[in-house]
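Q: Here's a structure for you.
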């Protein structure tokens with residue numbers, strides 16, 4: 001029996017010519033090779049017309065061969081090779097372990113593919129390896145569980161099975177927590193690596209959408225078609241711009257205010273009046289941005305350094321070596337947080353933070 005294929009055409013031709021009866025009727029071998037669970041004896045052509053939501057190829061061409069192209073791409077997933085392990089894992093918990101294994105394998109192939117679509121190419125190999133290892137670990141734990149509905153109630157090891165179920169649950173929870181944590185970490189890395197201009201443009205597009213939506217509601221309120229409180233929507237717009245100004249994001253403040261001026265000019269009644277303090281935020285943002293452009297200040301301490309980082313708006317404490325538990329506890333007690341990215345304990349620059357650092361390390365930061 002052929003078990004390796006050069007490409008999707010080779011796979012589809014083999015299935016049609018050698019696996020399906022009369023080139024169309026589903027067989028047990030077809031289900032085994034594809035991880036599908038189509039009733040044996042069913043017309044595949046009829047099945048795909050009625051049941052398939054559609055992979056990429058089938059959605060475009062709508063033929064049995066295109067459907068088999070999509071299946072071929074699934075068989076290329078390294079998870080596909082875990083079918084036997086998945087079947088064994090469901091032996092004592094399912095009346096139909098073959099079907100349960102197919103469904104579980106296909107769900108995790110789809111999950112892994114969806115994950116990879118969100119990640120950069122350079123992360124695909126190591127992420128796939130770790131995903132498969134954790135999935136395989138869970139299957140092993142799953143295989144140690146049982147259901148009395150399958151095994152029969154006589155002499156059923158209730159306590160042992162309870163421990164096995166807890167172990168399986170913990171394995172799967174750790175697996176999914178790893179996915180979430182890893183994807184968040186990668187997305188943060190991607191964000192950090194973007195040029196500042198790109199970050200600003202993306203942030204402005206989100207702000208623009210929010211401001212235009214709130215402005216449209218305000219216009220409807222003024223026209224009497226919406227019953228909401230006008231002041232709340234005005235506050236929503238100005239609050240967003242105020243936060244930008246306090247962070248010294250002068251380019252974004254400028255863009256938002258220009259957008260407001262444009263929206264105001266299109267209405268008889270201004271969306272935000274000229275008396276609103278939001279129009280003073282240009283100067284506020286510029287002043288704070290200048291503060292952030294100040295060169296960092298560094299102060300030597302025993303075994304490390306304290307940095308007043310105006311760019312990040314943080315006071316950072318770095319040590320040459322891991323400090324004592326007493327120092328770490330003191331930093332935590334004073335609301336410092338560890339930044340793995342910066343390799344420092346840090347806290348927002350405030351007068352209170354300066355006083356805390358001065359007292360802890362006998363400094364004179366002003």
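In the UniProt record's numbering, the protein residues as written are 1 to 366. Ideal Cβ placement from N, Cα and C applies to all residues, glycine included. All of these numbers come straight from a predicted model, not from anything done at the bench.
Which partner residues of residue 181 appear in the DSSP bridge assignment?
A: None; residue 181 has no bridge partner.
Q: How is the beta strand (DSSP E) around residue 315 delimited, first residue to last?
A: 314–319 is the extent of the beta strand (DSSP E) around residue 315.
Q: Can you name, in chain order, every residue of its own chain whose Cβ lies under 8 Å from the Cβ of residue 119, other than the five neighbours on each side?
A: Excluding positions up to five away in sequence, the list reads 127, 183, 186.
Q: Please state the DSSP three-state secondary structure of residue 339.
A: It is a strand residue.
Q: Just curious, the alpha helix (DSSP H) that residue 239 is in, first and last residue?
A: Unbroken alpha helix (DSSP H) run through residue 239: 230–246.
Q: Is the beta carbon of residue 289 closer than 8 Å to that of residue 248?
A: Against a cut-off of 8 Å, the Cβ pair of residue 289 and residue 248 comes out as a contact.
Q: Taking the alpha helix (DSSP H) that residue 356 belongs to, which residues open and close that run?
A: Here the alpha helix (DSSP H) through residue 356 covers 351–361.
Q: So, helix, strand or coil for residue 1, using DSSP?
A: No answer about residue 1 holds up, because its pLDDT of 42 lies below 50 and its placement is not dependable.
Q: Taking its Cβ as the centre, do 16 or more other Cβ atoms sit within 10 Å of residue 143, making it buried, or is it exposed?
A: Residue 143 should be labelled buried.
Q: Contact defined as beta carbons within less than 8 Å: I believe residue 316 pairs with residue 309. What is the distance between those atoms, to the nearest angstrom?
A: Confirmed, about 5 Å.
Q: Straight-line CA distance for residue 322 to residue 77?
A: Whole-angstrom Cα-Cα distance: 43 Å.
Q: Within the 8 Å Cβ cut-off, does residue 150 reach chain B?
A: Chain labels in this structure do not include chain B; a single protein chain is all it has.
Q: With DSSP as the reference, please indicate the residues paired to residue 300 in a beta bridge.
A: Answer by DSSP bridge pairing, in chain order: 305.
Q: Who are the near neighbours of residue 28 in its chain, counting only those whose CB is closer than 8 Å to its CB and skipping five residues on each side?
A: So the qualifying residues of the chain are 40.
Q: Please look up how many angstroms separate the CB atoms of residue 358 and residue 365, rounded, as I've assumed it's under 8 Å.
A: The pair is a contact, with the Cβ atoms about 6 Å apart (cut-off 8 Å).
Q: Would you check if the distance between the CB atom of residue 254 and the CB atom of residue 282 is smaller than 8 Å?
A: Contact flag set, yes.
Q: Pick out the complete alpha helix (DSSP H) segments inside the segment 251–304, 4 residues or longer, and give them in chain order.
A: For the segment 251–304, whole alpha helix (DSSP H) runs of length 4 or above, ordered along the chain, are 281–292.
Q: Could you tell me whether the Cβ atoms of residue 374 and residue 139 are closer together than 8 Å?
A: In the structure as shown, the chain starts at 1 and stops at 366, and residue 374 therefore has no counterpart that could be examined.
Q: Just mark residue 102 as buried or exposed, buried being the case when its beta carbon has 16 or more other beta carbons within 10 Å.
A: By the neighbour-count rule (16 or more Cβ atoms within 10 Å), residue 102 is buried.
Q: Taking its Cβ as the centre, do 16 or more other Cβ atoms sit within 10 Å of residue 112, making it buried, or is it exposed?
A: Under this definition residue 112 is a buried residue.
Q: Report the three-state DSSP secondary structure of residue 211 (helix, strand or coil).
A: Residue 211 falls in the helix class under three-state DSSP.
Q: Going by other Cβ atoms of all chains shown within 10 Å of its Cβ, with 16 needed for buried, is residue 69 buried or exposed?
A: Answer is buried; the Cβ neighbour count reaches 16.
Q: Under 8 Å Cβ to Cβ from residue 211, same chain only, skipping five residues before and after it: list those, please.
A: Excluding residues within five positions, the ones whose Cβ falls inside 8 Å are 237, 240, 256, 259, 260, 263.
Q: Would you tell me roughly how many angstroms separate the C-alpha atoms of residue 30 and residue 115, rounded to the nearest one?
A: Computed Cα separation, rounded: 28 Å.
Q: Please report how far the alpha carbon of residue 350 lies from the alpha carbon of residue 137, in whole angstroms.
A: So the two alpha carbons sit approximately 48 Å from each other.
Q: Tell me the DSSP secondary structure of residue 188 in three-state form.
A: Reduced to three states, the DSSP call for residue 188 is helix.
Q: Go ahead and pull the three-state DSSP assignment for residue 38.
A: Three-state result, residue 38: coil.
Q: Among 314, 175, 305, which one has its Cα closest to the Cα of residue 320?
A: Cα-wise, what sits closest to residue 320 is 305.
Q: What is the rounded straight-line gap between the Cα of residue 43 and the Cα of residue 24?
A: Each residue's alpha carbon lies about 6 Å from the other.
Q: Any idea which residues DSSP pairs residue 43 with across the strands?
A: Answer is 25, bridged to residue 43.
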